[in-house]
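Numbering (the working numbering), first residue to last: 576 to 709.
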């Protein structure tokens, strides 16, 4: 199943996509101001081009597991996205995804944007959970 992940940010949103088998994940370019008209149009174009069955949005819960301001923003964004796409839109806990992305970038010397690497981490974790559940 092809999936797309978003590491949602107010200024920059990291994007990653899987292959159709859900085995490989690759980063896509960051989208700036995804809540603005230009960013929304760019996201719509990515979704149309990649045609994912599922869109996974990282929900930054607090370490206590509670939803803070950013988590509420992600939930609101997911609701708006659901109304304009055919793909399933899911929220997943993204705690520590940026920390993991930064670690990977340091170890590999990667020039890939941290936000899109974080989207890769979110997608990899979600895909692994789907395989375990199957």
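Every residue gets a Cβ at the ideal spot worked out from N, C-alpha and C, and that includes glycine.
| field | Rounded Cβ spacing between residue 561 and residue 691 (contact assumed at less than 8 Å) | value | This structure does not reach residue 561, given that the chain is present from 576 up to 709, and the question cannot be answered.
| Nearest candidate by alpha-carbon position, reference residue 646, set 639, 656, 655 and 633 | Taking the chain shown and counting its residues from 1, the one referred to as residue 646 is at position 71. Minimum Cα distance to residue 646 is reached at 633.
| said: Quick check: what's the CA-CA separation for residue 620 versus residue 585? | reply: Start at 1 with the first residue of the chain shown, and residue 620 comes out as number 45. Start at 1 with the first residue of the chain shown, and residue 585 comes out as number 10. Each residue's Cα considered, the two are about 19 Å apart.
| message | Between which residues of its own chain and residue 693 is the CB-CB distance below 8 Å, once the five residues before and five after are set aside? | response | The sequence position of residue 693 within the chain shown is 118, counting from 1. Once the five neighbours on either side are set aside, the close Cβ partners of residue 693 are 582, 589, 633, 669, 672, 673, 675 and 676.
| field | CB contact flag (residue 580, residue 630, <9 Å) | value | The sequence position of residue 580 within the chain shown is 5, counting from 1. The sequence position of residue 630 within the chain shown is 55, counting from 1. In contact: residue 580 and residue 630 (Cβ atoms closer than 9 Å).
| field | Boundaries of the alpha helix (DSSP H) in which residue 636 is found, first to last residue | value | Taking the first residue of the chain shown as 1, we reach residue 636 at position 61. Run containing residue 636: none; DSSP gives neither H nor E here.
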